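**Q** First the structure, then my questions, so here it is.
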Amino acid sequence: MKKLFKYSMLLIATLGLVSACGGSKETKKEDKDPGSIKVWVQFSDETPEGKAWQEIVDGFNKEYKGKYKVSTEYIPRSGSGGGYEDKVNAAVTTKTLPDVITLDGPNTAAYAHSKVIAPLDDYLKDADMDDVLDSIKQQGTYDGKFYAFGFSESSVGMYYNKKMFKDAGIKDEELPTIDKPWTWSELEDILSRLHKKYDSPVFDMQIASNDEMLTYAYTPFIWSNDGDVVNSKGTEAKGQFNSKNSVEALSFIQNLVKKDYVPITPVEKGFETQKYPMYLSGSWTMADLEANYPDVDYGILPYPVSDKTKKLVSPTGSWQLAMTTQTEKKDAAAAFILYATNTESSKIMSLENSVLPIRKSTIDLIKNDVSEGMKVLMEQNQASGHARPVVVAYPQVSRAFQQAIQDLSYFDENPDVQKVADQRAEEMQQAIDASLKR
Numbered sequence: 000m001k002k003l004f005k006y007s008m009l010l011i012a013t014l015g016l017v018s019a020c021g022g023s024k025e026t027k028k029e030d031k032d033p034g035s036i037k038v039w040v041q042f043s044d045e046t047p048e049g050k051a052w053q054e055i056v057d058g059f060n061k062e063y064k065g066k067y068k069v070s071t072e073y074i075p076r077s078g079s080g081g082g083y084e085d086k087v088n089a090a091v092t093t094k095t096l097p098d099v100i101t102l103d104g105p106n107t108a109a110y111a112h113s114k115v116i117a118p119l120d121d122y123l124k125d126a127d128m129d130d131v132l133d134s135i136k137q138q139g140t141y142d143g144k145f146y147a148f149g150f151s152e153s154s155v156g157m158y159y160n161k162k163m164f165k166d167a168g169i170k171d172e173e174l175p176t177i178d179k180p181w182t183w184s185e186l187e188d189i190l191s192r193l194h195k196k197y198d199s200p201v202f203d204m205q206i207a208s209n210d211e212m213l214t215y216a217y218t219p220f221i222w223s224n225d226g227d228v229v230n231s232k233g234t235e236a237k238g239q240f241n242s243k244n245s246v247e248a249l250s251f252i253q254n255l256v257k258k259d260y261v262p263i264t265p266v267e268k269g270f271e272t273q274k275y276p277m278y279l280s281g282s283w284t285m286a287d288l289e290a291n292y293p294d295v296d297y298g299i300l301p302y303p304v305s306d307k308t309k310k311l312v313s314p315t316g317s318w319q320l321a322m323t324t325q326t327e328k329k330d331a332a333a334a335f336i337l338y339a340t341n342t343e344s345s346k347i348m349s350l351e352n353s354v355l356p357i358r359k360s361t362i363d364l365i366k367n368d369v370s371e372g373m374k375v376l377m378e379q380n381q382a383s384g385h386a387r388p389v390v391v392a393y394p395q396v397s398r399a400f401q402q403a404i405q406d407l408s409y410f411d412e413n414p415d416v417q418k419v420a421d422q423r424a425e426e427m428q429q430a431i432d433a434s435l436k437r
């Protein structure tokens with residue numbers, strides 16, 4: 000899951016160029032079968048995700064035997080995010096895309112805008128979309144149409160060391176819940192007490208990561224304060240990212256660094272080795288803790304909320320399925336996408352790959368079979384999950400967001416938050432304007 004943060008910054012430019020290109024290859028004989036479709040996925044068949052995926056494919060092929068049949072090509076992503084995306088981009092150029100592809104949540108707008116993927120709205124009648132988490136619908140929707148259906152989900156929470164909290168005098172009854180999260184002020188009070196006890200930074204917020212983690216994990220602070228990164232249409236960053244509400248949220252983050260609560264150069268594995276009592280991280284950290292640091296007694300807390308709004312917002316986003324515009328087998332492609340995202344398939348993917356489910360019914364189905372930490376994140380997703388901005392120029396917007404956080408973390412230079420937000424909003428706007436002209 001952590002590989003989703005290794006992002007190809009060339010995606011939008013590539014799609015903008017290849018959308019006008021032609022060329023094609025002769026269709027293989029076996030592909031002429033109207034019920035036989037091919038799916039490209041970004042992982043290996045040897046991973047837990049790959050094994051769960053194959054179980055879903057086998058179930059589909061059994062249920063639709065004699066009508067539809069799916070085959071999978073496994074194309075693992077490289078550490079820098081290449082490999083899979085490179086092959087997709089090349090196939091767009093040569094018009095050799097398969098019937099169905101996987102794509103990361105923030106790529107929806109770019110793929111849809113460049114007409115790489117087709118809307119699924121005409122096929123959703125029996126998909127029970129009311130059961131699907133709002134975050135899945137948000138990240139798959141562009142310009143009012145639903146293009147991509149998430150088959151797994153993720154989130155972030157505040158990990159805490161139970162022993163270190165106890166030693167600092169923080170009682171269990173003081174801990175937040177989904178129904179009653181900490182406000183920013185209450186979080187600051189807790190951090191102050193922890194800092195007094197341990198006389199060092201206490202909350203690793205991964206501020207030094209300088210990658211997609213910053214956009215993914217920090218945007219909820221802005222949303223909780225009724226700010227935004229871009230408008231709902233994905234066309235305006237100026238007036239959004241540099242608005243009063245957004246700047247207040249950015250100032251809150253900066254103050255945590257100024258007060259020495261958050262390290263800007265954290266000790267590697269500082270939470271896992273019990274250097275820091277708190278850690279902002281995703282669901283994937285649980286597997287690492289349980290496998291490699293079994294002595295750490297930890298829990299997961301929900302996101303803090305703005306004092307002004309008291310609105311809980313949490314980050315979400317993961318990989319999706321979409322039907323390509325090049326397929327001639329739309330019914331078969333859509334049938335598979337709906338099968339791979341139904342309640343049972345979501346259960347298989349969630350339990351076998353240790354990811355969060357995409358449906359409320361799946362949450363109800365597996366809640367007694369997962370860890371306490373996973374339960375917190377599932378409940379948080381259902382109550383407050385918010386997808387990242389759906390914007391064609393997402394890589395550039397995300398990078399400007401990351402740079403803003405980096406700018407603000409150098410508090411010795413005393414950067415003005417409003418000026419930083421103004422500058423980065425302008426960069427976002429230029430990228431958005433350029434992308435929409437393609």
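Going by numbering that gives the first Met the number 0, the first residue of the sequence shown is number 0, and it counts up by one from there.
Quick reminder that beta carbons are idealized off the backbone N, C-alpha and C, glycines included.
In this text, all values refer to a predicted model and were calculated from it rather than measured experimentally.
When the Cα of isoleucine 36 is compared with those of Pro301, Arg358 and Thr323, which residue comes out closest?
**A** The residue given as residue 36 occupies position 37 in the sequence shown. That would be Thr323, whose Cα lies nearest to the Cα of isoleucine 36.
**Q** Could you tell me which residues DSSP puts in a beta bridge with valine 40?
**A** Along the sequence shown, read from residue 1 onward, the residue named residue 40 stands at position 41. DSSP, once it has assigned bridges, lists Tyr73 as partnering valine 40.
**Q** Which residues bound the alpha helix (DSSP H) around tryptophan 222?
**A** Locating residue 222 in the sequence shown gives position 223, where the first residue counts as 1. First-last of the alpha helix (DSSP H) with tryptophan 222: 211-223.
**Q** For glutamine 395 versus alanine 430, is the C-beta distance shorter than 7 Å?
**A** Against the sequence shown, residue 395 aligns to sequence position 396. Against the sequence shown, residue 430 aligns to sequence position 431. Yes, Cβ-Cβ distance for glutamine 395 and alanine 430 is below 7 Å.
**Q** Using 8 Å as the Cβ pair cut-off and three pairs as the minimum, do the segment 232-244 and the segment 415-432 touch?
**A** yes
**Q** First and last residue of the beta strand (DSSP E) that includes aspartate 306?
**A** Here residue 306 corresponds to residue number 307 of the sequence shown, with the count starting at 1. That residue, aspartate 306, is in no beta strand (DSSP E); it is neither H nor E in DSSP.
**Q** Give the straight-line distance between the Cα atoms of aspartate 130 and lysine 136, rounded to the nearest whole angstrom.
**A** Position 131 of the sequence shown, counted from the first residue, corresponds to residue 130. Position 137 of the sequence shown, counted from the first residue, corresponds to residue 136. Distance between the alpha carbons of aspartate 130 and lysine 136: 11 Å.
**Q** As a quick exercise: from Ile74, Ala111, Asp57 and Ser154, pick the residue whose alpha carbon is nearest that of methionine 373.
**A** Here residue 373 refers to the residue found at position 374 when the sequence shown is read from its first residue. Checking every option, the nearest Cα to that of methionine 373 belongs to Ser154.
**Q** Would the segment 76-94 and the segment 384-393 be scored as touching if the rule is three or more Cβ pairs under 8 Å?
**A** In short, these stretches do not touch, since the Cβ pair count stays below three.
**Q** DSSP has leucine 279 in a bridge; who is on the other side?
**A** Residue numbering aside, residue 279 sits at position 280 when the sequence shown is read from its first letter. Paired residue(s): Met157.
**Q** Name the residue from Pro180, Ile404, Asp432 and Ser408 whose alpha carbon lies nearest to the alpha carbon of leucine 213.
**A** The count along the sequence shown starts at 1 and reaches residue 213 at position 214. That would be Ile404, whose Cα lies nearest to the Cα of leucine 213.
**Q** Since arginine 358 sits in a beta bridge, which residues does DSSP pair it with?
**A** Against the sequence shown, residue 358 aligns to sequence position 359. According to DSSP, which records beta bridges pairwise, arginine 358 is partnered with Val131.
**Q** Answer with buried or exposed for methionine 128, where buried requires no fewer than 16 other C-beta atoms within 10 angstroms of its C-beta.
**A** Residue 128 sits at position 129 when you count from the first residue of the sequence shown. Under this definition methionine 128 is an exposed residue.
**Q** Pairs of beta-carbons, one from the segment 154-171 and one from the segment 326-340, closer than 8 Å: are there three or more?
**A** no
**Q** What number of angstroms, rounded off, separates the C-alpha of valine 256 from the C-alpha of serine 184?
**A** In the sequence shown, residue 256 corresponds to position 257, counting from 1. In the sequence shown, residue 184 corresponds to position 185, counting from 1. Cα to Cα, the separation comes out at about 15 Å.
**Q** Would you call glycine 226 buried or exposed, if buried means 16 or more other Cβ atoms sit within 10 Å of its Cβ?
**A** As a first step, residue 226 must be located in the sequence shown, where it is residue number 227. Glycine 226 is buried by the Cβ-count criterion.
**Q** Expressed to the nearest angstrom, what Euclidean distance is found between the alpha-carbon atoms of serine 349 and leucine 364?
**A** As a working note, residue 349 is residue 350 in the sequence shown. As a working note, residue 364 is residue 365 in the sequence shown. Approximately 11 Å, taken between the alpha carbons.
**Q** Please report the distance separating the alpha-carbon of valine 304 from that of threonine 182.
**A** Locating residue 304 in the sequence shown gives position 305, where the first residue counts as 1. Locating residue 182 in the sequence shown gives position 183, where the first residue counts as 1. Near 5 Å, if we compare the C-alpha coordinates of threonine 182 and valine 304.
**Q** If contact is defined by three or more beta carbon pairs under 8 Å, each pair taking one atom from either stretch, is the segment 305-325 in contact with the segment 204-224?
**A** yes
**Q** Phenylalanine 459 and tyrosine 158 look like a contact to me (Cβ under 8 Å); what is the Cβ gap, rounded to whole Å?
**A** Given a span of 0 to 437 for the chain in the structure shown, any question on residue 459 remains unanswerable.
**Q** Determine the DSSP secondary structure at glutamate 185, reduced to helix, strand or coil.
**A** Position 186 of the sequence shown holds residue 185. Reduced to three states, the DSSP call for glutamate 185 is helix.
**Q** Give the range of the beta strand (DSSP E) segment to which aspartate 103 is assigned.
**A** As a first step, residue 103 must be located in the sequence shown, where it is residue number 104. Where aspartate 103 is concerned, the enclosing beta strand (DSSP E) stretches over 99-103.
**Q** Return the residue from the list Thr101, Ser242, Ile362 and Tyr302 that minimises the CA-CA distance to valine 416.
**A** For the purposes of this step, residue 416 is taken as the residue at position 417 of the sequence shown. Looking at the Cα atoms, Ser242 is the closest of the given residues.
**Q** Going by the DSSP bridge assignment, what does serine 313 pair with across the sheet?
**A** Here residue 313 corresponds to residue number 314 of the sequence shown, with the count starting at 1. Partner(s): Gly384.
**Q** Which partner residues does aspartate 363 have in the DSSP bridge list?
**A** Indexing the sequence shown from 1 puts residue 363 at position 364. As far as DSSP is concerned, aspartate 363 takes part in no beta bridge.
**Q** Just to check my reading of the structure: leucine 96 and alanine 147 have Cβ atoms closer than 8 Å, yes? What is that Cβ distance to the nearest angstrom?
**A** Mapped onto the sequence shown, residue 96 falls at position 97. Mapped onto the sequence shown, residue 147 falls at position 148. That belief does not hold up - the Cβ atoms of leucine 96 and alanine 147 are roughly 14 Å apart, past 8 Å.
**Q** Quick check on DSSP: helix, strand or coil for isoleucine 299?
**A** As a working mapping, residue 299 is identified with position 300 in the sequence shown. Three-state DSSP puts isoleucine 299 in a strand.
**Q** Classify aspartate 415 as helix, strand or coil using the three-state DSSP reduction.
**A** For this step, residue 415 is matched to residue 416 along the sequence shown. Aspartate 415: coil per DSSP, three-state reduction.
**Q** If I'm right that leucine 186 touches valine 201 with Cβ under 8 Å, what's the distance once you round it to whole angstroms?
**A** Here the question's residue 186 lines up with position 187 in the sequence shown. Here the question's residue 201 lines up with position 202 in the sequence shown. The Cβ separation is near 11 Å, so there is no contact.
**Q** What would DSSP say about leucine 435, mapped onto helix, strand or coil?
**A** In the sequence shown, residue 435 corresponds to position 436, counting from 1. It is helical.
**Q** Using CA atoms only, rank isn't needed, just tell me which of Ala433, Leu407, Ser434 and Tyr83 is closest to glutamine 422.
**A** Mapped onto the sequence shown, residue 422 falls at position 423. Here the closest residue by C-alpha is Leu407.
**Q** Starting from the C-beta of glycine 139, find all residues in its chain whose C-beta is less than 7 Å away, skip the five residues before and the five after it, and write them out in chain order.
**A** Locating residue 139 in the sequence shown gives position 140, counting from the first residue. For glycine 139, where only same-chain residues beyond five positions count, the Cβ hits under 7 Å are Thr107, Phe145, Tyr146, Ala147, Phe148, Gly149 and Gln319.
**Q** Check each candidate in Ala399, Arg192 and Asn291 and name the one with the smallest Cα separation from aspartate 210.
**A** Numbered from 1 along the sequence shown, position 211 holds the residue referred to as residue 210. Selected option, being the one with the closest Cα: Ala399.
**Q** Which same chain residues end up closer than 6 Å to glutamate 247 when comparing Cβ atoms and leaving out the 5 residues on each side of it in sequence?
**A** Position 248 of the sequence shown, counting from 1, holds the residue named residue 247. Excluding sequence neighbours, glutamate 247 sits near Asn224.
**Q** On the three-state DSSP scale, how would you describe aspartate 166?
**A** Counting from 1 along the sequence shown, the entry for residue 166 is found at position 167. Helix.
**Q** Measuring alpha carbon to alpha carbon, tell me which of Phe240, Lys195 and Glu267 ends up nearest alanine 207.
**A** Taking the sequence shown and counting its residues from 1, one reaches residue 207 at position 208. Nearest option by C-alpha distance: Glu267.
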